[in-house]
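Structure first, then comments.
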Amino acid sequence: MRISTYSFIGEKLRPVELRLIAKALLGIRRKEVTLADGSKYSIDPISNLGLTLLKAGNYEPQMSEVIKGLLKPGDTFVDLGSNEGYFAVMAGRLVGEQGKVLAIEPQNRLLAVIQKNAEINGLKNIKLKPFGIGSSRGTLTLQLYPSTNTGASSFAPGFN
């Protein structure tokens, strides 16, 4: 399928429920992409992250450059709200086998995606922690945003 089709469904088709119906009817599934730096990701091609990687070949380039400038082999990186593991994978490659990455993500629906992205990159230094981080102990309900922009989910009631 062409990027323009993914782009139309992911960015133009409204409401989000219609996107999900179109995705199902067209049989759009996760696919593996390899970026210029050799990293690989299992993406949903109509999601915010997936479309950005397909179109630009990277995600949040300014943040990526900061991370690349700071991390070196043997370092530890904590990815709070790991989403699909883009920065966790980047960090895992940068810190190497002697380094550690903690990927913290409260969305159960993303845990297998993060694990898959670590596996297809051969990274054993990423440890997945399935919870959220806050200023105090407690239990909160995560308000899930539809699957096309999982990064917009929030613990704040009524956020989305």
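If you read the sequence shown in the working numbering, its first letter stands for residue 12, the second for the next number, and so on. Every residue gets a Cβ at the ideal spot worked out from N, C-alpha and C, and that includes glycine. Note that the structure is a prediction, hence the values are computed from the model and not measured.
Taking the beta carbon of D48 as the centre, do at least 16 other beta carbons fall within 10 Å, making it buried, or is it exposed?
Along the sequence shown, read from residue 1 onward, the residue named residue 48 stands at position 37. It counts as exposed.
Can you have a look at E43 and say buried or exposed, based on whether 16 or more other CB atoms are within 10 angstroms of its CB?
The residue given as residue 43 occupies position 32 in the sequence shown. When all chains shown are included, E43 counts as exposed.
Measure from the alpha carbon of I57 to the alpha carbon of each residue in Q118, V77, V27, P72, then state which is nearest.
To locate residue 57, count along the sequence shown from 1; it is residue 46. Nearest option by C-alpha distance: V27.
Straight-line CA distance for I115 to G133?
Here residue 115 refers to the residue found at position 104 when the sequence shown is read from its first residue. Here residue 133 refers to the residue found at position 122 when the sequence shown is read from its first residue. Computed Cα separation, rounded: 19 Å.
Compute the Euclidean distance between the alpha carbons of V124 and N136, then round it to the nearest angstrom.
For the purposes of this step, residue 124 is taken as residue 113 along the sequence shown, with counting starting at 1. For the purposes of this step, residue 136 is taken as residue 125 along the sequence shown, with counting starting at 1. Approximately 16 Å between the Cα atoms of the pair.
Spatial neighbours of E108 within its chain, please: C-beta separation below 7 Å, excluding the five flanking residues on both sides.
Here residue 108 refers to the residue found at position 97 of the sequence shown. Same-chain partners within the cutoff: N136.
Thinking just about the alpha-carbon of each residue, which of P168, Y97, D86 is nearest to the one in A55?
Against the sequence shown, residue 55 aligns to sequence position 44. The displayed chain sequence assigns Asp, not Ala, to residue 55. Cα-wise, what sits closest to D55 is Y97.
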